[in-house]
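> Under UniProt numbering, the sequence shown has 124 at position 124, and the numbering climbs by one with no breaks.
The structure that follows is given in the form of C-alpha cells.
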Amino acid sequence: MSTPLFPLDLMKTLVAGVQAGGFAKAAEKIGRTQSAISLQMKKLEELAGTELFEKQGRVLALTPSGETMYHYAQRMLELNEEAVTAVRGAGVAGEVKVGMSMDFEHTFLPNVLARFGRAHPQIVLDLHVDRNTALRTKAARKELDVAVLFSNEVKAEQTVGQVPMAWIGQRDLAWQRDEPLPLLLLEAPCVFRDAALRALDAAGIRWRIAVTSPSLGGLWAAARAGLGLTVRTALAVPAELANLGDELALPALPEIGVCVVEAARTPAPPVALMTRTVTEVLHSQLDI
C-alpha cells in the first residue's frame, strides 16, 4: 500500500481554520465556501485514515490525531515557504543590516536566523538588538536595512499585526492595593513606560518607580526578583513570569503594533528576502 500524500492546500485550510477559531471564520480569509472547506477536510480525513475532528457542543474541535495533523501541517507550510524563499533567492549574495527589538532576542530572532541562514548562506547578516526608539532612529538614518520593532507611529503597510500590552511580574508578587504599585521601567522615552503611567493615573492607582534600566534584561532580572511589575507584550515573556493584569485588577493597556520597517523604498534583493522571512516567521510563530 502506497503512502498517502497530504496536499498543501488541505494543510493550509486546516491551519487557517484552527487559527481563525473555526472554518466558517476562515472561509472568507482563504477564499473558499464553507461547503468547499468541508469537502477538503473530509478528503483530509480520508487520506489520514482517521477522524481529525469531533463535535464539542456547537464547536468542531480537533481530536488527538487532529492535533498531530495540525502540528505537521504548520511544519509543512513553513518548509514550503522556506523552499520558495530559497529557490527564488538562489544565488543572491550581499549583506543585510537587521535590527531587532530586545523583546524578540531569545525567541523570535533565533528562528528567523535559522530559516534565513539555511536558505541564504551566502548573505552576511549584521545584527543589531536594541530598544524600539533606537531602531526607528537607525532605520530612518539608513543605518539599518530592516528593523523589527514595536510602534504605533509607522505606516500601516509596515505593521504586521497588533498585540496587547500586559502587566508582567512574578506570580507571587507581594503588593497591597493601598500601597504604591512598584514599577520596573526602561529609561524614557519608552512607549510601554508612557502607556503604564497613563493607565495607572487614569485609574487613580498610586505608583512608584522601583527600577529603571536601559535594557530589557535588567527589567526581567528585577521582575524575577519580585521587585515589581513591568509592561511589555505577552509575546516573549520569560517562563518564570506571568501576565498579572487580571489577577491584580489593574487597568487595561492599549495594543501596540508589531512592525517591519525597511529603510529603503525599493530594498535590495537580500533585504527583500530578509523582510519576507521575518514577516513569515512573525505570522507563523506569533500568530498575528
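Where is the CB? At the ideal position from N, CA and C, for every residue including glycine.
Leaving out five residues on either side along the sequence, give the residues of the same chain with a beta carbon under 7 Å from the beta carbon of Met11.
Locating residue 11 in the sequence shown gives position 11, counting from the first residue. Excluding sequence neighbours, Met11 sits near Ala73, Met76, Leu77.
> Taking 8 Å as the limit between beta carbons, can you name the residues of its chain near Ala174, skipping five residues before and five after?
As a working mapping, residue 174 is identified with position 174 in the sequence shown. Within the same chain, Ala174 has close Cβ partners Gly226.
> May I ask you to report which of helix, strand or coil DSSP gives Ser213?
Counting from 1 along the sequence shown, the entry for residue 213 is found at position 213. Looking at Ser213 - three-state DSSP - the assignment turns out to be strand.
> Pick helix, strand or coil for Lys42, following the three-state DSSP scheme.
Numbered from its first residue, the sequence shown carries residue 42 at position 42. Lys42 falls in the helix class under three-state DSSP.
> Quick one, which of Thr277, Leu47, Ser284, Ala263 has its alpha-carbon nearest Lys97's?
To locate residue 97, count along the sequence shown from 1; it is residue 97. Lys97 has its Cα closest to that of Ala263, out of Thr277, Leu47, Ser284, Ala263.
> Counting along the chain, where does the beta strand (DSSP E) carrying Ile30 start and finish?
The count along the sequence shown starts at 1 and reaches residue 30 at position 30. Unbroken run through Ile30 is the alpha helix (DSSP H), 23-30; no beta strand (DSSP E).
> Could you compute how far the alpha carbon of Lys142 sits from the alpha carbon of Leu185?
On the sequence shown, residue 142 is found 142 positions in, with the first residue counted as 1. On the sequence shown, residue 185 is found 185 positions in, with the first residue counted as 1. Taking the straight line from one Cα to the other gives about 28 Å.
> Determine the burial state of Ser2: buried for a count of at least 16 other Cβ atoms within 10 Å of its Cβ, exposed for fewer.
Along the sequence shown, read from residue 1 onward, the residue named residue 2 stands at position 2. Flag for Ser2 reads exposed.
> Indicate whether Phe108 and Ile256 have their beta-carbon atoms separated by less than 8 Å.
Within the sequence shown, numbered from 1, the residue matching residue 108 stands at position 108. Within the sequence shown, numbered from 1, the residue matching residue 256 stands at position 256. Against a cut-off of 8 Å, the Cβ pair of Ile256 and Phe108 comes out as no contact.
> Under three-state DSSP, which class holds Gly161?
Locating residue 161 in the sequence shown gives position 161, where the first residue counts as 1. Gly161 falls in the strand class under three-state DSSP.
> Please state whether DSSP places Ala166 in a helix, a strand or coil.
In the sequence shown, residue 166 corresponds to position 166, counting from 1. Here Ala166 sits in strand by DSSP.
> Using three-state DSSP, classify Ala202 as helix, strand or coil.
For the purposes of this step, residue 202 is taken as residue 202 along the sequence shown, with counting starting at 1. Three-state result, Ala202: helix.
> Keeping to the same chain, check which residues put their C-beta closer than 8 Å to that of Ala234; ignore five residues upstream and five downstream.
For this step, residue 234 is matched to residue 234 along the sequence shown. Closer than 8 Å at the Cβ level, and outside the excluded window around Ala234, lie Val163, Pro164, Ala166, Ile168, Asn243.
> Suppose you measure from the CA of Arg115 to the CA of Arg206; what does that come to, to the nearest Å?
Walking along the sequence shown from the start, residue 115 turns up at place 115. Walking along the sequence shown from the start, residue 206 turns up at place 206. In a straight line, the C-alpha of Arg115 is about 46 Å away from that of Arg206.
> In its own chain, which residues sit with a C-beta less than 6 Å from the C-beta of Pro110, not counting the 5 before and 5 after it?
Within the sequence shown, numbered from 1, the residue matching residue 110 stands at position 110. Here the set comprises nothing.
> Which one of Met69, Val124, Ala221, Val154 has the shortest CA to CA distance from Leu14?
In the sequence shown, residue 14 corresponds to position 14, counting from 1. Comparing Cα positions, the closest option is Met69.
> Taking all protein chains shown into account, do 16 or more other C-beta atoms lie within 10 angstroms of the C-beta of Asn132, making it buried, or fewer, making it exposed?
For the purposes of this step, residue 132 is identified with residue 132 of the sequence shown, where counting begins at 1. Classification for Asn132: buried.
> Can you give the Cα-Cα distance for Glu240 and Ala223, rounded to whole angstroms?
In the sequence shown, counting from the first residue as 1, residue 240 sits at position 240. In the sequence shown, counting from the first residue as 1, residue 223 sits at position 223. Roughly 9 Å between the two C-alpha positions.
> Given a cut-off of 8 Å on the beta-carbon distance, is the pair Leu183 and Ala202 in contact?
Taking the sequence shown and counting its residues from 1, the one referred to as residue 183 is at position 183. Taking the sequence shown and counting its residues from 1, the one referred to as residue 202 is at position 202. No.
> Less than 8 Å between the beta carbons of Thr159 and Cys259, yes or no?
Mapped onto the sequence shown, residue 159 falls at position 159. Mapped onto the sequence shown, residue 259 falls at position 259. Cβ atoms of Thr159 and Cys259: closer than 8 Å.
> Measure from the alpha carbon of Phe23 to the alpha carbon of each residue in Phe53, Glu46, Leu5, then state which is nearest.
For the purposes of this step, residue 23 is identified with residue 23 of the sequence shown, where counting begins at 1. Comparing Cα positions, the closest option is Phe53.
> Report yes or no: is there a C-beta of chain D within less than 8 Å of the C-beta of Gly117?
The structure shown contains no chain D; it holds only a single protein chain.
> Pick out the complete alpha helix (DSSP H) segments inside the segment 100-136, 4 residues or longer, and give them in chain order.
List check, alpha helix (DSSP H) in window: 108-119.
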